[in-house]
Amino acid sequence: MFEIVEKERIAPGVNRAVINAPAIARAHKPGQFIILRTHEDGERIPLTVADKDAEKGTITLVWQEVGVTTYYMGTMNVGDRLQDLCGPLGTPTHLEKFGTVVGVGGGIGVAPLHPITKGMREAGNHVISIVGARTEGLLILTEEMRKASDELLISTDDGSFGIHGFVTQVLQGLIDKGAKIDLVVAIGPVPMMRAVVNVTRAANLPTVVSLNPIMVDGTGMCGACRVEVGGKTKFGCVDGPEFDGLQVDFDLLTKRLAMYKGPELIALNKFRESDRGCQCKFPGGAA
Amino acid sequence: MTEQEQTKKRPKVPRQKMPEQDPIARAHNFWEVALGYPNDIALLEASRCLHCKKPYCMKGCPVEVDIPDFVELVKQGNFVDAAWKVKEKNSLPRIAGRVCPQESQCESQCVLGKKGEPCAIGRLERFVADYVAEHEEWKMPPLPKPTGHKVAVVGSGPAGLTLAGALIKKGVAVTVYEALHELGGVLVYGIPEFRLPKAIVRSEIDELRRLGVEFHTNHVVGRIETVDDLLERFEAVFIGTGAGAPLFLKIPGENLNGVYSANEFLTRSNLMKAYLFPESDTPVAKGRRVVVFGGGNVAMDSARTALRLGAEEVTIVYRRTVEELPARAEEVHHAMEEGVKFKLLTAPIEILGNEAGWAVGVRCQQMKLGEPDQSGRRRPIPVEGEFFDIECDMAVVSIGNAANPLVPSSTTALETNKWGNIVADLDSGKTSRDRVWAGGDIVTGAATVILAMGAGRKAALSMLDYFGVS
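Protein sequence lines, in the order shown, are assigned to chains A and B. According to my numbering, the first sequence is numbered sequentially starting from 540. According to my numbering, the second sequence is numbered sequentially starting from 6.
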């Protein structure tokens with residue numbers, strides 16, 4: 540089980556893998572995530588699901604190398620197996636015909652946005668997708684997003700591809716043109732989601748964001764993933780990961796995400812010096 | 006035997022102490038605190054048993070272990086048969102022998118306890134179960150032919166494991182689904198290594214696996230499939246998902262960094278082995294000054310774990326007095342021996358934080374005891390205007406758990422009460438839903454390992470009755 544059947548590097552430090560997980564592929568709905576461990580004594584990390592194929596019994600994961608586990612996964616190859624893969628977890632996206640839905644994806648956030656885009660379109664919505672990255676080389680899944688959306692707008696911070704600017708400027712442009720928007724779904728780094736919400740709040744647009752708090756079990760048992768929404772404490776793993784973006788306390792989320800910065804750095808340095816983290820033994824893993 | 010005769014036979018041997026690791030040494034390691042009886046001490050302790058014709062001790066045991074018979078076998082030096090005698094009723098004796106509150110169960114009923122100290126039944130149970138595991142090669146006990154009946158168990162904690170053991174021994178096929186990556190539920194994520202070594206939990210589960218129980222991890226019923234789905238593949242389903250939704254104090258500052266639920270703190274250090282970090286990959290905050298809110302066994306476990314992770318000072322903050330502490334006396338005693346401080350008649354009202362979002366202290370209010378409340382315990386009431394701060398860089402909230410709604414809310418026609426617990430008959434475990442049984446903390450709210458085991462056993466008997474298997 541949980542064998543890697545495809546793997547590729549889709550941007551510097553960003554990987555895509557197709558994993559054999561038939562039961563999860565059957566049950567997964569847009570908006571849901573999985574938790575995995577790569578090896579015994581490994582940590583449990585939540586990852587969003589970028590795609591699934593229920594017939595083939597596979598799910599697609601996209602991840603950025605930021606910590607020990609994601610770096611280690613970067614060194615894994617076709618034929619390798621994950622120790623544990625648990626899911627689907629979280630409450631699925633609320634899909635219905637809203638009218639026009641604008642999906643905003645920043646960086647790695649485009650991955651979880653992809654199945655939501657498909658789902659929103661299947662529910663009968665006109666879906667406009669705005670995807671962005673710092674620079675052209677960091678844009679991911681643009682072809683998949685083009686297929687899944689009615690319209691696709693691409694931006695880069697440095698203007699190396701598509702519209703020169705942030706995804707928020709593209710969204711603002713749509714609003715300024717008087718586009719009729721019924722719902723905005725924004726997924727990406729916390730500063731990006733916060734910026735999107737600032738734009739949509741001014742325009743009075745309902746906005747869903749997908750949060751990525753630190754988690755352990757992912758079933759509502761530990762409360763590591765506490766977030767505040769509308770002044771109330773919620774568990775990201777079971778009440779979310781999607782919440783009303785206009786009500787999320789992004790300051791708290793930012794601080795809580797930094798809780799293990801120190802230990803994470805220690806672990807990463809130790810990992811890089813270990814056999815496990817030695818990139819030279821895994822040619823496929825080198826960027 | 007009359008009470009007079011029993012008094013005459015009263016043993017001259019005193020109740021044998023459990024050998025323990027030295028408190029100063031053990032407060033800095035995760036090895037087991039209680040070391041277990043050596044053979045000669047076990048023989049001495051067993052010799053104290055009066056082998057009453059009417060054994061009251063058995064009435065105090067939720068799984069009705071044949072206590073006088075197994076203790077008699079110990080007395081004869083037949084440790085292996087003694088262990089098998091225990092296992093007839095209790096599939097997890099190495100666990101029960103360690104974490105059961107015997108003082109309020111079997112041992113509270115022991116006739117010797119009336120005028121002296123009761124026989125140390127729990128320590129003997131642990132002794133024989135450890136003895137057979139350590140000295141004997143595992144032998145397949147005689148099992149009946151498969152009956153063709155199939156049961157699914159949701160949750161691999163003490164209730165589900167006990168039910169699985171009881172059913173498999175009657176020829177019923179059992180498949181257990183666990184949400185986490187490791188089997189055992191609270192036995193592996195909650196109870197710390199120094200009180201219940203994980204190798205012991207694994208050995209008990211391995212035994213069930215050898216008997217033919219099938220286990221699936223990483224399987225979150227309620228998400229990957231529902232109980233309704235399971236009922237299509239299985240004749241009956243047992244829900245033993247525990248009380249796994251942590252309660253918080255709902256005071257300002259509770260979401261600051263460094264503030265954990267006991268579930269998270271213990272899961273990180275036990276299940277994820279954060280105490281080995283960075284050898285293991287999961288970190289946990291290592292507080293210098295740690296405050297633990299609550300007075301139950303889980304609070305004691307959290308405080309003692311924080312000490313072992315290197316805290317300089319660990320303080321339990323509890324609203325009532327020592328008298329009302331819900332933890333086992335033995336756990337409180339162990340915590341005190343190891344240097345855990347107790348700040349009693351104290352209620353936290355706010356957790357104080359710094360700019361970076363980390364906890365730096367707790368604002369507390371002085372309490373006093375008022376009239377007894379519904380639970381019969383004297384209610385703590387605030388003393389007007391008496392506030393003080395306790396400095397801390399980490400806090401653990403250990404004030405109990407509610408029912409996790411994941412399974413109840415995804416199952417149709419399953420009745421729950423106002424707290425979200427599944428409504429089930431306490432004698433049979435039967436729920437409002439046909440072919441669905443439930444037991445343990447998901448029914449009773451947070452209780453003990455042995456009560457969950459008792460519920461698992463009762464549900465197993467009820468299922469056997471339903472199948473017509475004797």
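Just so it is clear, CB atoms sit at the ideal spot from N, CA and C, and this is done for glycine as well. Since we're looking at a predicted model, the values are computed, not measured.
Name the DSSP bridge partner or partners of residue i?
| i | result |
| --- | --- |
| B:Ala-352 | B:Gln-370 |
| B:Val-264 | B:Ala-400 |
| A:Cys-625 | A:Ile-574 |
| A:Arg-620 | A:Glu-542 |
| B:Asn-527 | In this structure chain B extends from 6 to 475, so residue 527 of chain B is not present and cannot be described. |
| A:Arg-555 | A:Glu-547 and A:Val-601 |
| B:Val-179 | B:Val-156 |
Is there a C-beta anywhere in chain B that falls below 8 Å from the one on residue i?
| i | result |
| --- | --- |
| A:Ala-763 | yes |
| A:Lys-800 | no |
| A:Gly-823 | For A:Gly-823, the predicted structure reports a pLDDT of 45, less than 50, and the residue's modelled location is therefore unreliable. The matter cannot be settled from this model. |
| A:Met-760 | yes |
| A:Gly-552 | no |
| A:Leu-628 | yes |
| A:Thr-681 | no |
| A:Cys-776 | no |
| A:Asn-559 | no |
| A:Asp-592 | no |
| A:Cys-769 | Position check: residue 769 of chain A holds Gly in this sequence, whereas Cys was assumed. No - not a single Cβ of chain B is within 8 Å of the one on A:Gly-769. |
| A:Ala-826 | Unreliable placement is indicated for A:Ala-826, whose pLDDT of 38 sits below 50; no coordinate value is reported for it. |
| A:Thr-772 | yes |
Any beta carbon from chain A within less than 8 Å of residue i's own beta carbon?
| i | result |
| --- | --- |
| B:Glu-230 | yes |
| B:Gly-301 | no |
| B:His-338 | no |
| B:Asn-260 | yes |
| B:Ser-274 | no |
| B:Asn-223 | yes |
| B:Leu-185 | yes |
| B:Pro-251 | yes |
| B:Ser-285 | yes |
What is the residue span of the alpha helix (DSSP H) that residue i lies within?
| i | result |
| --- | --- |
| B:His-140 | 126 to 140 |
| A:Val-649 | 649 to 661 |
| B:Arg-207 | 203 to 216 |
| B:Pro-163 | 163 to 173 |
| B:Asp-45 | 44 to 51 |
| B:Glu-112 | 111 to 114 |
| B:His-221 | Looking at the DSSP string, B:His-221 is not in any alpha helix (DSSP H); the run it does join, the beta strand (DSSP E), is 219 to 221. |
| B:Tyr-280 | Unbroken run through B:Tyr-280: none, as it is neither H nor E. |
| A:Pro-802 | 800 to 812 |
| A:Val-747 | No alpha helix (DSSP H) holds A:Val-747; the beta strand (DSSP E) holding it covers 746 to 749. |
Please classify residue i: is it buried, with 16 or more other beta-carbons within 10 angstroms of its beta-carbon, or exposed?
| i | result |
| --- | --- |
| B:Ile-29 | exposed |
| B:Pro-73 | buried |
| A:Val-544 | exposed |
| A:His-567 | buried |
| A:Glu-812 | exposed |
| A:Thr-632 | buried |
| A:Trp-602 | buried |
| B:Gln-379 | exposed |
| B:Asn-275 | buried |
| A:Val-605 | exposed |
| A:Pro-627 | buried |
| B:Phe-392 | exposed |
| B:His-140 | exposed |
Less than 7 Å between the CB of residue i and some heavy atom of the ligand ZN, yes or no?
| i | result |
| --- | --- |
| B:Pro-151 | The ligand ZN is absent from the structure shown, which contains no ligands of any kind. |
Taking the beta strand (DSSP E) that residue i falls in, what are its first and last residues?
| i | result |
| --- | --- |
| B:Val-79 | Looking at the DSSP string, B:Val-79 is not in any beta strand (DSSP E); the run it does join, the alpha helix (DSSP H), is 72 to 80. |
| A:Arg-765 | 765 to 768 |
| A:Ser-668 | 665 to 672 |
| A:Gly-642 | 639 to 645 |
| A:Thr-587 | 584 to 592 |
| B:Asp-27 | Here B:Asp-27 belongs to no beta strand (DSSP E), and DSSP marks it neither H nor E. |
| B:Glu-335 | Taken as a continuous stretch (DSSP letters only), B:Glu-335 belongs to no beta strand (DSSP E), being part of the alpha helix (DSSP H) at 334 to 343. |
| A:Glu-690 | 690 to 695 |
| B:Ile-256 | Segment: none, B:Ile-256 is in no beta strand (DSSP E) and carries neither H nor E. |
Runs of beta strand (DSSP E) lying entirely within the segment 293 to 324 of chain B, each at least 3 residues, in chain order: 294 to 298 and 318 to 322
Contact list for the segment 442 to 457 of chain B against chain C, Cβ threshold 9 Å: Chain labels in this structure do not include chain C; the protein chains are A and B.
Every unbroken alpha helix (DSSP H) inside the segment 402 to 463 of chain B [4 residues or more]: Listed in chain order, they are 411 to 415 and 446 to 449.
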